[in-house]
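Worksheet: one structure, shown below.
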Amino acid sequence: MLQQANSSLDRLLGIAQTGSLWLARAGGALILLTVAIVTIEVITRQLMGRSAVHATEITGYIMAVSTSWCFAHTLLCKAHIRIDALYLNFPTKVRAALDLLALLAMALFCVLVVGAVFDVAYASFADGATANTPLGTPLWIPQTLWLAGLTWFGFVVCLLTLRVILALCQGDIDGVQALAGSPTLDEQIEHENREAQS
1074 MLQQANSSLD RLLGIAQTGS LWLARAGGAL ILLTVAIVTI EVITRQLMGR SAVHATEITG
1134 YIMAVSTSWC FAHTLLCKAH IRIDALYLNF PTKVRAALDL LALLAMALFC VLVVGAVFDV
1194 AYASFADGAT ANTPLGTPLW IPQTLWLAGL TWFGFVVCLL TLRVILALCQ GDIDGVQALA
1254 GSPTLDEQIE HENREAQS
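Numbering (the working numbering), first residue to last: 1074 to 1271.
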């Protein structure tokens, strides 16, 4: 039964990985849009003496949204910053327990953040709140896009946590390391070599 659950979760993680990659690409495209907006802002200030776009406000929204859209992909690629000087010296069973603890803490954090951001976005929508700027942006629009990225991240964290728990129940310590463990320097070098050859 655990094997069937693992297979189902692996399929879901594969779908989550694909979805997270596309969200990260969309976040990257938004960052490129930021570059274009700032460039237009600089040029119009030079030519016309005033701004044709409101770069500060728009790029602020874009940074928040694009960052939240990239969190899940960063997690699945194990690209979050880790301070692992001690971690890599522990036995693999201790490392697996620490990986689970880290995922559980991140899942709790996601639940709290998503709940808080939902409340903010809902209040902005219900009150018709707008930015106190010349654009007067309805705040629920960027807040909802931000919420979407954080919700997806929370979903992926919970999915990965559940998969790690099942791997630990089966005693699959290597599986936990592959799913959530911090790679050693040798593993990082081997991964880079494989990427370079393909």
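All C-beta atoms in this analysis are idealised placements derived from N, C-alpha and C, irrespective of residue type, glycine included.
Exercise. Is the beta carbon of V1111 less than 8 Å from the beta carbon of A1128?
Worked result: Taking a C-beta distance under 8 Å as the contact criterion, V1111 and A1128 qualify as a contact pair.
Exercise. Helix or strand or just coil, what does DSSP make of T1165?
Worked result: When secondary structure is reduced to three states using DSSP, T1165 falls in the helix class.
For this session: Give the range of the alpha helix (DSSP H) segment to which A1128 is assigned.
Result: A1128 to L1149 is the extent of the alpha helix (DSSP H) around A1128.
Exercise. With C-beta atoms as the reference, is C1242 less than 8 Å away from A1180?
Worked result: At least 8 Å separates the beta-carbon of C1242 from that of A1180.
Exercise. Along the chain, where does the alpha helix (DSSP H) that runs through N1205 open and close?
Worked result: Annotation: N1205 is outside any alpha helix (DSSP H) and is labelled neither H nor E by DSSP.
Problem set entry | With 16 other Cβ atoms within 10 Å as the buried cut-off, status of H1146 | That one is buried.
Problem set entry | Whether E1130 touches A1204 by CB criterion (8 Å) | The Cβ-Cβ distance between E1130 and A1204 falls below 8 Å.
Exercise. Pairing CB atoms from the stretch 1256-1268 with CB atoms from the stretch 1180-1194, are three or more of them under 8 Å?
Worked result: The stretch 1256-1268, when compared against the stretch 1180-1194, does not touch it at the 8 Å Cβ threshold.
For this session: Put G1122 into one of helix, strand or coil per three-state DSSP.
Result: DSSP places G1122 in the coil class of the three-state scheme, outside both helix and strand.
Exercise. For the alpha helix (DSSP H) that contains R1236, what are its first and last residues?
Worked result: Note, R1236: alpha helix (DSSP H), W1213 to C1242.
Exercise. How should R1168 be labelled, buried or exposed, when 16 other C-beta atoms within 10 angstroms of its C-beta is the threshold for buried?
Worked result: Residue environment for R1168: buried (at least 16 other C-beta atoms within 10 angstroms of its C-beta).
Exercise. Taking just the CA atoms, how far does G1222 sit from L1149?
Worked result: Rounded to the nearest angstrom, the gap between the Cα atoms of L1149 and G1222 is 15 Å.
Exercise. What are the boundary residues of the alpha helix (DSSP H) that includes A1251?
Worked result: Run containing A1251: I1246 to A1253, per the alpha helix (DSSP H) assignment.
Problem set entry | Endpoints, the alpha helix (DSSP H) within which L1258 is located | DSSP places L1258 in the uninterrupted alpha helix (DSSP H) bounded by L1258 to Q1270.
Exercise. In three-state DSSP terms, what is D1083?
Worked result: Looking at D1083 - three-state DSSP - the assignment turns out to be helix.
For this session: Please check the pair G1248 and A1240, which I expect to be a contact at CB under 8 Å, by giving their CB distance rounded to whole angstroms.
Result: Between the beta-carbon of G1248 and that of A1240 there is about 4 Å, and that keeps the pair under the 8 Å contact cut.
Exercise. In chain order, what residues of the same chain lie with their CB nearer than 6 Å to the CB of T1165, ignoring the 5 residues before and after it?
Worked result: Within the same chain, T1165 has close Cβ partners I1246.
For this session: Could you give the DSSP three-state label for R1098: helix, strand or coil?
Result: R1098 falls in the helix class under three-state DSSP.
Exercise. When we look at the beta-carbon of F1163 and count the other beta-carbons within 10 Å, is it buried (16 or more) or exposed?
Worked result: With fewer than 16 Cβ atoms within 10 Å of its Cβ, F1163 is classed as exposed.
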